[in-house]
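In order, the protein sequence lines correspond to chains Z and X. Okay, so the first sequence: first residue is 11 according to the numbering used here, each after it adds one. Okay, so the second sequence: first residue is 11 according to the numbering used here, each after it adds one. Note that the Cβ used here is the ideal one computed from N, Cα and C, for glycine as well. Since this is a predicted model, take the numbers as computed values, not measurements. Taking it in order: structure first as structure tokens, then the write-up.
Protein chains: 2
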Amino acid sequence: MVRPPKAAPRPMRADAQKNYENLLAVARTLVAQQGADASLRDLARKAGVGLGTLYRHFPTREALLETLLRAEWDELGAKARTFETASAPDDALVSWLRELVAGARIYRGVVESMMAALADKKSALHASCAAMRAAGARLLSRAQAEGTARTDIDGTDLFALVGALAWIGDHAALEPRAEHLFDVVVSSLFVRDAERVRRKQPR
Amino acid sequence: MVRPPKAAPRPMRADAQKNYENLLAVARTLVAQQGADASLRDLARKAGVGLGTLYRHFPTREALLETLLRAEWDELGAKARTFETASAPDDALVSWLRELVAGARIYRGVVESMMAALADKKSALHASCAAMRAAGARLLSRAQAEGTARTDIDGTDLFALVGALAWIGDHAALEPRAEHLFDVVVSSLFVRDAERVRRKQPR
DNA sequence: ACCTGAACACCGTTCAAGT
DNA sequence: ACCTGAACACCGTTCAAGT
Numbered sequence: 011m012v013r014p015p016k017a018a019p020r021p022m023r024a025d026a027q028k029n030y031e032n033l034l035a036v037a038r039t040l041v042a043q044q045g046a047d048a049s050l051r052d053l054a055r056k057a058g059v060g061l062g063t064l065y066r067h068f069p070t071r072e073a074l075l076e077t078l079l080r081a082e083w084d085e086l087g088a089k090a091r092t093f094e095t096a097s098a099p100d101d102a103l104v105s106w107l108r109e110l111v112a113g114a115r116i117y118r119g120v121v122e123s124m125m126a127a128l129a130d131k132k133s134a135l136h137a138s139c140a141a142m143r144a145a146g147a148r149l150l151s152r153a154q155a156e157g158t159a160r161t162d163i164d165g166t167d168l169f170a171l172v173g174a175l176a177w178i179g180d181h182a183a184l185e186p187r188a189e190h191l192f193d194v195v196v197s198s199l200f201v202r203d204a205e206r207v208r209r210k211q212p213r
Numbered sequence: 011m012v013r014p015p016k017a018a019p020r021p022m023r024a025d026a027q028k029n030y031e032n033l034l035a036v037a038r039t040l041v042a043q044q045g046a047d048a049s050l051r052d053l054a055r056k057a058g059v060g061l062g063t064l065y066r067h068f069p070t071r072e073a074l075l076e077t078l079l080r081a082e083w084d085e086l087g088a089k090a091r092t093f094e095t096a097s098a099p100d101d102a103l104v105s106w107l108r109e110l111v112a113g114a115r116i117y118r119g120v121v122e123s124m125m126a127a128l129a130d131k132k133s134a135l136h137a138s139c140a141a142m143r144a145a146g147a148r149l150l151s152r153a154q155a156e157g158t159a160r161t162d163i164d165g166t167d168l169f170a171l172v173g174a175l176a177w178i179g180d181h182a183a184l185e186p187r188a189e190h191l192f193d194v195v196v197s198s199l200f201v202r203d204a205e206r207v208r209r210k211q212p213r
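Here it is in structure tokens:
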């Protein structure tokens, strides 16, 4: 059902193709250094390309981010499916959240773009973000069904907490404690042992 | 020990005084609407004042924010002291955190400025932010001494979590769940009942 | 089909010139 | 002592003109 927008992406002219790839390569390092709000003008300059060329290939900043993040997110989607079948529901949820928070941190400020994309259905990032949220919701409800995750949170809450944790990781001063704070926050997603439904396999 | 920078703040010339107050009044509503990164040019324009006048009264954006937030923060400091003497340590911590998160949300994006201020000792906001963090640390260690708060977190962690929760509140899409997520995250600060040190007054 | 760069409307910040 | 606004160096975005 989800399909790349252009069913038959006719090959680009050779010079266009080269510009496109160069732009992406430069963008990858620039966004890694400066964050998701890096100067587009600077990007065009560093890629040795006119401003119009940048806008032709990536009509919005989100289109650019979308391309930068697609590989990352395809991988995260695959991991969600793996965890779903290979791990206990609660472990699967924690492992995937860890990956997602790490993924949201490769580019500083990217969670901000994700939030905006979720609110705007026409955004180039919308579909991928919604898919992420849905994958998280699935892992969550699996853990809830098992009785390990608290039932008063949903997929949106989960996404909010991921954003909050990514916010922490985006700040150099807090980064040393980011992993620990991940554990602290994630621990709150699960019900206390005492209230836990009995399960066949005690861990 | 903490004292306003100018021990004897000589009275301003009448016109300067008027500009200063007008600037503050306009800034209050503008920053409330647009967030902490509102356009300074726009502010000067709306206050009917030259750009240089704005910069004369508030040499940096942080100086402006500092003035806007000082009243708010003086109040929060007082509340910390009240809670400290009037409530059980864990209740005091939770109540104060709730106030702080609410306070950090009056202006969108203000936690970002707080983070920057804590990292930069010369910032106009530094002292007030550090004082906030210290007040939180005090309330935390009180709850830790009592045995209700987990001991593997410190004042910086607390501040990080406040920032994370404020981040959630800054996003309209998440705001409906902000209060609930506050409860979820804050619950993780306390040790599980089973591990809790016995206390004279069971609640 | 694709590229370029000038043009437009915005920023933040500084500072010479005015009163 | 205080104010003003032009000037400078940046943005993002659009679009006429070129190949």
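Residue i versus residue j: straight-line alpha-carbon distance, rounded
i	j	result
L191 of chain Z	F200 of chain X	14 Å
A159 of chain Z	I178 of chain Z	23 Å
L107 of chain Z	R51 of chain X	42 Å
V36 of chain X	Q27 of chain X	14 Å
A112 of chain Z	A145 of chain Z	16 Å
E189 of chain X	L171 of chain Z	13 Å
S197 of chain Z	N29 of chain X	52 Å
G62 of chain X	F68 of chain X	10 Å
S123 of chain X	K132 of chain X	13 Å
A137 of chain Z	L79 of chain X	39 Å
A176 of chain X	P21 of chain X	37 Å
T161 of chain Z	D25 of chain Z	54 Å
A174 of chain X	A57 of chain Z	35 Å
R202 of chain Z	R202 of chain X	7 Å
A183 of chain X	R115 of chain Z	21 Å
D130 of chain Z	D193 of chain Z	31 Å
R23 of chain Z	T70 of chain Z	21 Å
F169 of chain Z	V121 of chain Z	10 Å
Q154 of chain X	R187 of chain Z	19 Å
9 Å Cβ cutoff, residue i in contact with chain X
i	result
H181 of chain Z	yes
L171 of chain Z	yes
L184 of chain Z	yes
S198 of chain Z	yes
V59 of chain Z	no
R108 of chain Z	no
T166 of chain Z	yes
R187 of chain Z	yes
R160 of chain Z	yes
V111 of chain Z	no
L128 of chain Z	yes
A153 of chain Z	no
Close-in-space but distant-in-sequence residues of the same chain around residue i (CB under 6 Å, 5 per side omitted)
i	result
Y117 of chain Z	V41, A46
A134 of chain Z	E72, A73, E76
A17 of chain Z	The predicted model places A17 of chain Z with a pLDDT of 47, which falls under 50 and marks its position as unreliable; any figure quoted below should be read in that light. Cβ within range, chain order: n/a, list empty.
E156 of chain X	P99
W83 of chain Z	S138
R91 of chain Z	none
Assigned exposure category for residue i - 16 Cβ within 10 Å defines buried
i	result
M125 of chain Z	buried
P99 of chain X	buried
A81 of chain Z	exposed
S49 of chain X	exposed
Q43 of chain X	exposed
D167 of chain Z	buried
CB contact check: residue i to chain Z, cutoff 9 Å
i	result
I163 of chain X	yes
H136 of chain X	no
M125 of chain X	yes
R202 of chain X	yes
R143 of chain X	no
V104 of chain X	no
L191 of chain X	yes
V194 of chain X	yes
Residues near residue i in its chain [Cβ-Cβ closer than 8 Å; skip 5 each side]
i	result
E94 of chain X	A102, R148, L149, R152
V59 of chain X	N29, N32, L33
R38 of chain Z	L78
D164 of chain X	A147, L150
V110 of chain X	According to the sequence as given, residue 110 of chain X is Leu; it is not Val. Here the set comprises L86, M142, G146, V172.
Close-in-space but distant-in-sequence residues of the same chain around residue i (CB under 7 Å, 5 per side omitted)
i	result
E185 of chain X	G179
G87 of chain X	A141, A145
S105 of chain Z	F93, S97
L64 of chain X	L33, L50, L53, A54
A127 of chain Z	E72, S133, L135, H136, C139
K89 of chain Z	W106, E109
V195 of chain X	L171, L175
Residue i: CB within 8 Å of a non-hydrogen atom of the ligand FMN
i	result
S198 of chain Z	Ligands in the displayed structure: none, and consequently the ligand FMN is not present.
Quick one: complete alpha helix (DSSP H) runs, 4+ long, within the stretch 36-86 of chain Z?
-> 50-56, 61-67
Complete runs of the alpha helix (DSSP H) confined to the stretch 133-160 of chain Z [at least 4 residues] = 136-156
Would you mind listing the beta strand (DSSP E) stretches within the stretch 159-185 of chain X that are 3+ residues and don't spill past its ends, in chain order?
-> none
Within the stretch 80-127 of chain X, ranges of the alpha helix (DSSP H) (whole runs, at least 4 residues) = With a minimum length of 4 residues, the continuous alpha helix (DSSP H) runs that stay inside the stretch 80-127 of chain X are 99-114.
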